[in-house]
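Our numbering numbers the first residue of the sequence shown as 774 and each following residue consecutively.
The beta carbon of each residue, even a glycine, is placed where N, CA and C say it ideally should be.
See structure below.
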Amino acid sequence: MDLQDLLEKIRQNDPATIRKIYKAVKKTGQIYVIKKGGNVNEAEEVIQEAMYRFYEKIRMDKLYTLTTQPEGAIFGFVRYIWQERIRERKAKQKEVSLDEQTYAAERMVGTEENEIEIISIPPENPIIKLMDQLGKDCKEILIAFYVHKLKLKELAIELGSSEGYLKVKKHRCMAQLRAMR
Numbered sequence: 774m775d776l777q778d779l780l781e782k783i784r785q786n787d788p789a790t791i792r793k794i795y796k797a798v799k800k801t802g803q804i805y806v807i808k809k810g811g812n813v814n815e816a817e818e819v820i821q822e823a824m825y826r827f828y829e830k831i832r833m834d835k836l837y838t839l840t841t842q843p844e845g846a847i848f849g850f851v852r853y854i855w856q857e858r859i860r861e862r863k864a865k866q867k868e869v870s871l872d873e874q875t876y877a878a879e880r881m882v883g884t885e886e887n888e889i890e891i892i893s894i895p896p897e898n899p900i901i902k903l904m905d906q907l908g909k910d911c912k913e914i915l916i917a918f919y920v921h922k923l924k925l926k927e928l929a930i931e932l933g934s935s936e937g938y939l940k941v942k943k944h945r946c947m948a949q950l951r952a953m954r
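Below you can see the structure in the form of structure tokens.
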């Protein structure tokens with residue numbers, strides 16, 4: 774069967790053709806994802822997403838001609854999707870991980886909306902000890918950003934500062950915190 778006929782069968786949503794392509798790409802996709810640090814479940818998800826992206830490209834006529842077997846194109850999607858996930862994981866690992874149980878007892882209180890008061894945080898937590906050494910401003914900014922997940926723009930409005938100033942201040946506070954470790 775020539776490639777254009779194959780594309781047409783995929784556009785027509787022929788289940789036998791789609792199943793055949795899926796089976797052909799499944800093993801190589803799984804091997805790739807597992808070799809690159811994933812597991813079987815992640816491999817399945819990535820392969821299904823790759824199949825979906827490939828199918829959508831063909832269905833939307835964004836892939837008019839195919840110069841290689843569909844399995845090769847789908848494997849390209851598998852590689853791209855997995856690399857995206859790896860980048861996301863690395864980005865999440867770079868974020869400061871603060872113990873959520875430590876902050877379960879904290880809440881925002883005060884007479885003004887922008888005042889944050891920390892209530893009954895266990896003092897034995899090493900991050901809290903370090904943050905206490907940073908000072909009130911740094912502690913307030915870091916907790917609001919990393920714990921309360923406030924965006925810098927929102928935090929700037931609450932604190933009456935500029936977003937640029939808070940970005941620099943947060944960066945400096947994190948640098949000080951890292952230096953204390």
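Distance, residue j Cα to residue i Cα
i	j	result
E940	A929	According to the sequence as given, residue 940 is Lys; it is not Glu. Straight-line Cα distance between these residues: approximately 9 Å.
Q785	M947	55 Å
D787	I854	25 Å
G883	C911	In this predicted model, G883 has a pLDDT of only 39, less than 50, meaning its place in the structure is not dependable enough to derive any value.
K799	R858	18 Å
Y828	V920	40 Å
G908	I900	13 Å
Proximity below 9 Å, CB of residue i to CB of residue j
i	j	result
V819	G810	no
I804	I794	no
L950	L915	yes
L925	E913	no
V806	V851	yes
M953	Q906	yes
L776	P843	yes
A816	G802	yes
F918	K943	yes
For residue i, the first and last residue of its enclosing alpha helix (DSSP H)
i	result
V778	Note that residue 778 corresponds to Asp in the displayed sequence, not to Val. Per DSSP, D778 belongs to the alpha helix (DSSP H) from L776 to R784.
T801	P788 to K808
Q821	V813 to R832
Could you tell me whether the region 847-856 touches the region 821-829, where touching means 3 or more Cβ pairs closer than 8 Å? yes
Enumerate, from N- to C-terminal direction, the unbroken alpha helix (DSSP H) stretches of 4 or more residues contained entirely within the region 908-951. 909-915 and 925-932
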